[in-house]
Each structure stands twice: as structure tokens, then as C-alpha cells.
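My numbering applies: residue 33 is where the sequence shown begins, and numbers increase by one.
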Amino acid sequence: MQYKNVTHVLFDLDGLLLDSEILYTETFTTVCAKYGKTFTWEIKASLLGFQGHECAEKIVKELDLPITKDEFQKECCELYEVLFPNVQLMPGARRLVEHLYKKGVPIALATSSNKDSVDKKMKNHSDLLGMFHHLTMGSSDPEVTKGKPDPAIFLVCASRFPDKPKPEDCLVFEDAVNGIKAANAANMQVVAVPDPRIDPEQLKTATLVLESLDQFKPELFGLPAFDN
């Protein structure tokens, strides 16, 4: 397959650069269990890429929890305080981000998380965070009016590079189906590194699907190749 050359790269965070989806699952499972409810993979799969308040609303409604979405979020935040600072990077994440940064490729972060959440999760990876030209954090960014699968977050993120690249000159890295849809809607190519449990049918609109960031070859998209 022929890929188009790109000049700028946008990264999702949770489940793509950070192995944090496992922590969200642990948190949601714990809170739901308090009320005798089971947080399933089916519910989890439908939430990937959503903003925090959207996740809370859907879980409370889906499982008919006897609390409000705000109360659900508050209980989750208490668990995040403990879990987030220990989150690990996904395989290949550091190598790819460092490589693009050192080669002068403009990179940015486009995450549905809010600033407080990103600060907690990146506490032990702050050097990596410093390599991004800018961070667009959907849940706390007034310009990001809708969450994924709406393209707003990627369009806003791309517009904040000084040279204002065209959407088709941007490459998105995502793990979630809603993120792939958002990139498609933004008219950007998208490399998907999904949870292996996601149905391959749902990944068909991705430009490229990989099992790990370790497998990515930058030169396919006209970016500088890894040094041997």
C-alpha cells in the first residue's frame, strides 16, 4: 500500500503511549463493584477515546448505578491519585517520540484526558512530555467542543503548530476506534495500535494497523528513518 508523506505527527496518550487503560479498567471495575455491578469489556470497548465525563455518564446509565456521574468521577479520582503515578510507557513509545523529536519532526499530544490527569500520569515521564511542541487536552480545553469520534481535538491540535499544517500533512497515532474515526473525519492518516480484543472489522478505516509502536517504520510516511 502507498502512504502519503507527512510533516507533522499527533499522538494520543492513553493506551497508545501510556499503559493506562489497564488502570482505568481497574478503577471502573472497583467503583462499579461497590454497587454490585460488573464493568465488562463490552462497556470498556464502547468508551475508548471518550472524555472523562462522557465515560462516567455512560457507565452510570448503562449499569444503572445509584450515584450521579459527578459522584462516580469523584470516586474514580480518589483511586487515580494512587494508581496514576506508577503508570508505565507502552513498548516502543519512548523510542519513537525521542526519534521524531531529535530529527526535528514537529510532534504534539492530542488526548481526551484533562490537564490534571495528564500531570499525574506523566509525573515520572516529564522529560518525554517536554518533547512535544504542545499538548491538547480535550477534557480541559475550551476549543475542543466535542470528544472523539468528532475530529475537533485533532483539528485544534494541528492548528497550534506555528506553520499551521494542512490536515492531510498530519499523521495520527491512536489505539481506540473512536480515535481512528476522529482522525478519518479530520482527513488525517492514522496508525492504529489497538487493544488485541478489538474486532478487526472496526479497524478497517485505519491507514495502518500495528501490534506495537516498535513495528512502526517512519520512512513509510516520508519521515526520517531510525538510525541503525
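Glycine residues also receive a C-beta, built at the ideal position from the N, C-alpha and C atoms.
The structure presented is a predicted model; accordingly, all values stated were derived computationally and were not measured.
Who are the Cβ neighbours of residue 39 in its own chain at under 6 angstroms, not counting the five residues just before and after it?
If you number the sequence shown from 1, residue 39 lands on position 7. Cβ within range, chain order: 197 and 201.
Cβ contact (3+ pairs, closer than 8 angstroms) linking the segment 56 to 66 and the segment 210 to 222
no
Quick one, which of 160, 184 and 53 has its alpha-carbon nearest residue 168's?
Indexing the sequence shown from 1 puts residue 168 at position 136. Among 160, 184 and 53, the Cα nearest to that of residue 168 is on 184.
Between residue 116 and the rest of its own chain, which residues show a CB-CB distance below 8 angstroms, the 5 nearest in sequence each way excluded?
Looking up residue 116 in the sequence shown gives position 84. Once the five neighbours on either side are set aside, the close Cβ partners of residue 116 are 52, 55, 149, 152, 153 and 155.
According to DSSP, simplified to helix, strand and coil, what is residue 243?
The residue you call residue 243 lines up with position 211 of the sequence shown. Coil at residue 243, not helix or strand.
Cα separation between residue 140 and residue 134?
In the sequence shown, counting from the first residue as 1, residue 140 sits at position 108. In the sequence shown, counting from the first residue as 1, residue 134 sits at position 102. Rounded to whole angstroms, residue 140 to residue 134 spans 14 angstroms at the Cα level.
Which class does residue 206 belong to by DSSP, given the choice of helix, strand or coil?
To locate residue 206, count along the sequence shown from 1; it is residue 174. DSSP places residue 206 in strand when its eight states are reduced to three.
Near residue 75, which residues of its chain fall below 7 angstroms by C-beta distance, leaving aside the five closest residues on each side in sequence?
Residue 75 sits at position 43 when you count from the first residue of the sequence shown. Only 91 and 94 meet the Cβ criterion.
How far does the beta strand (DSSP E) with residue 139 in it reach, from first residue to last?
The count along the sequence shown starts at 1 and reaches residue 139 at position 107. Unbroken beta strand (DSSP E) run through residue 139: 139 to 143.
Span separating the alpha-carbon of residue 166 from that of residue 192
Numbered from 1 along the sequence shown, position 134 holds the residue referred to as residue 166. Numbered from 1 along the sequence shown, position 160 holds the residue referred to as residue 192. Roughly 8 angstroms separates the two Cα atoms.
For residue 43, which option in 79, 138, 119 and 67 has the closest C-alpha, if you only look at C-alpha atoms?
Position 11 of the sequence shown, counted from the first residue, corresponds to residue 43. Out of 79, 138, 119 and 67, 138 has the C-alpha closest to the C-alpha of residue 43.
Residue closest to residue 221, alpha-carbon to alpha-carbon, out of 194, 70, 253 and 227:
Numbered from 1 along the sequence shown, position 189 holds the residue referred to as residue 221. Of 194, 70, 253 and 227, the residue nearest in Cα terms is 253.
Going by the CB atoms, is the gap between residue 239 and residue 225 shorter than 8 angstroms?
Taking the first residue of the sequence shown as 1, we reach residue 225 at position 193. Taking the first residue of the sequence shown as 1, we reach residue 239 at position 207. No, the pair does not count as a contact, with Cβ atoms beyond the cut-off.
Using 8 angstroms as the threshold, is the C-beta distance between residue 132 and residue 255 below it?
Along the sequence shown, one-based indexing puts residue 132 at 100. Along the sequence shown, one-based indexing puts residue 255 at 223. The answer is yes: Cβ separation under 8 angstroms.
Measuring alpha carbon to alpha carbon, tell me which of 126, 231 and 98 ends up nearest residue 162.
As a position in the sequence shown, residue 162 is number 130, starting the count at 1. Checking every option, the nearest Cα to that of residue 162 belongs to 126.
In whole angstroms, give me the CA-to-CA distance for residue 145 and residue 106.
Translated into positions along the sequence shown, residue 145 becomes position 113. Translated into positions along the sequence shown, residue 106 becomes position 74. Taking the straight line joining both Cα atoms gives about 15 angstroms.
Look at the alpha carbon of residue 111 and the alpha carbon of residue 121, and state the distance between them as a whole number of angstroms.
Residue numbering aside, residue 111 sits at position 79 when the sequence shown is read from its first letter. Residue numbering aside, residue 121 sits at position 89 when the sequence shown is read from its first letter. Cα-Cα distance, rounded: 20 angstroms.
Beta-carbon separation of residue 246 and residue 124 under 8 angstroms?
Reading the sequence shown from its first residue, position 214 is the one you call residue 246. Reading the sequence shown from its first residue, position 92 is the one you call residue 124. Closer than 8 angstroms, so yes.
Secondary structure of residue 257, DSSP reduced to three states
Here the question's residue 257 lines up with position 225 in the sequence shown. Correct three-state label for residue 257: coil.
What distance in whole Å lies between the Cβ atoms of residue 128 and residue 248, which are believed to be in contact at a cut-off of 8 angstroms?
Counting from 1 along the sequence shown, the entry for residue 248 is found at position 216. Counting from 1 along the sequence shown, the entry for residue 128 is found at position 96. The pair is a contact, with the Cβ atoms about 6 angstroms apart (cut-off 8 angstroms).
Out of 173, 35 and 80, state which residue places its alpha-carbon closest to the alpha-carbon of residue 57.
Looking up residue 57 in the sequence shown gives position 25. It is 80.
Which residues in the same chain as residue 186 place their Cβ atom closer than 8 angstroms to its Cβ, once the five residues preceding and following it in sequence are excluded?
Taking the first residue of the sequence shown as 1, we reach residue 186 at position 154. Within the same chain, residue 186 has close Cβ partners 42, 142, 199, 202, 204, 214, 215, 218 and 220.
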